[in-house]
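Just below is one structure, and these are the notes that go with it.
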Amino acid sequence: MDTDPKKTENIENITKIATFNTNSIRSRLHIILPWLIEKNVDALCLQEIKVENKNFPLSEFENIGYKAYFSGMKSYNGVAIIAKEAMEDIRVGLEDQENSPEDSARLISGIYKGIQIINCYVPQGKEIENPSYQYKLNWFTRLGALLNAKFKNNLPVLLCGDLNVAPEWEDVYEPEKLADHVCFHIDVRNAFKSIIELGLIDLFRKFHPNEKQYTFFDYRTPWLLKKNKGWRIDHILVTPELAEKSIFCEIDMEPRFKEKPSDHTFLVGGFGG
DNA sequence: ATGGTCGACTCTCGA
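Take any residue in the first sequence, count from 1 to its spot, add 926: that is its number in this note's numbering.
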């Protein structure tokens, strides 16, 4: 089977679903819009759109033939799904009794062509001793409950987004030095693992078992990008029936080298009929 | 390589 996405881009009946942390959608339109057109992606899940709903750049996406579903707030967080076809059952937040406005700006879900998509921006956590880290760990527990509820609908599930966890040693550039980082600490890695163990497959690792490719490079130390020292914290996780239909899963670094890039990259999964 | 760079929006916070 041909697993090179460059050769499969124009083949019909492949469904392409992608994720991208924008770090402000309005500042990244010059990257997102051409990329959507070039890659012919079916559904693009965005995080950190950093815009209130009333200011969401909806017409920019409608002008190129896409629909947009979004849940934002002022300045921080915010998630959206840009989709070619209309989606069903759009919901926001963790759908539990604790759900806060911030939670609603961190998760948006919906059904795209029979696939239950869950798009998340998991809290970063700040520092191990910060209450924000407990909020992050608890967020994974709540996400697990949401997942189990979605599983009951018997649709294939695709959970993606900036999950703010590098799950394994090969997912971060200096694992031996980062044991106390909130995106690599053992407790958050176990929280990630507990989500996986509910019945999801890490799609990038299915196709690239050992490669040191990353989805995030810190702006603050520019040489890290040049040296390929980053983090694999953006993920596409799928249920087994979707994993079996998958054709490729690739990190697209190219937009990272354009003017005014995000600090994250695109991650794309392709699925056959 | 222990600092540095972004974005939103007031001015400092979050990443």
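Beta carbons: idealized from backbone N, C-alpha and C, even for Gly.
Residue state for Y1140 is assigned as coil, using DSSP reduced to three classes. About 6 Å separates the CB atoms of L1063 and D1113; that is less than 8 Å, so the two are in contact.
Cβ neighbours of A1117 within its own chain (closer than 6 Å, five residues either side excluded): L1063, F1066. For S1001, the secondary structure class from DSSP, reduced to helix, strand or coil, is coil. In summary, N1056 is exposed, with fewer than 16 beta-carbon neighbours lying within 10 Å of its beta-carbon over all protein chains present. Y1099 has its alpha-carbon roughly 20 Å from the corresponding atom of N947. Taking the Cα positions, P1187 is about 7 Å away from R954. G1198 places its beta carbon 7 Å or farther from that of K942. In this structure, D1128 keeps its C-beta atom at 7 Å or more from the C-beta atom of T1141. Taking one beta carbon from each stretch, the segment 1130-1140 and the segment 1084-1091 have fewer than 3 pairs nearer than 8 Å; the two do not touch. According to DSSP, I1127 shares a beta bridge with V1164.
Three or more Cβ pairs closer than 8 Å define a contact, and the segment 1071-1084 falls short of that threshold against the segment 958-968. For K1171, the three-state secondary structure derived from DSSP is helix. The beta strand (DSSP E) runs of length 3 or more contained entirely in the segment 999-1074 are, from start to end of the chain, 1005-1009, 1014-1018, 1033-1038, 1041-1047.
Under a 10 Å Cβ-count criterion, H956 is classified as exposed, with fewer than 16 other Cβ atoms of the shown protein chains found around its own Cβ. Here DSSP, grouped into helix, strand and coil, assigns N947 to strand. Cβ-Cβ separation between Y1002 and K980: approximately 16 Å, too far for a contact (criterion under 8 Å). Straight-line spacing of the CA atoms in Y1061 and E1185 works out to 35 Å.
Boundaries for A1092: no beta strand (DSSP E) harbours it, and the DSSP string shows neither H nor E there. In this structure, the alpha-carbon of E1167 lies about 15 Å from that of K1039. The beta carbons of L1124 and G1070 sit closer together than 7 Å. As computed with DSSP, C971 is found in a beta bridge with T945, I1007. The three-state secondary structure of H956, taken from DSSP, is helix. Residues Y1099 of the same chain have their beta carbon placed closer than 7 Å to that of K1155, with the five preceding and five following residues left out of the count.
Shown here for T1165: same chain residues with a beta carbon closer than 7 Å to its own, the five before and five after excluded, namely P1082, V1083, G1125, L1126 in chain order. R1032 sits buried, since 16 or more C-beta atoms from the chains shown fall within 10 Å of its C-beta.
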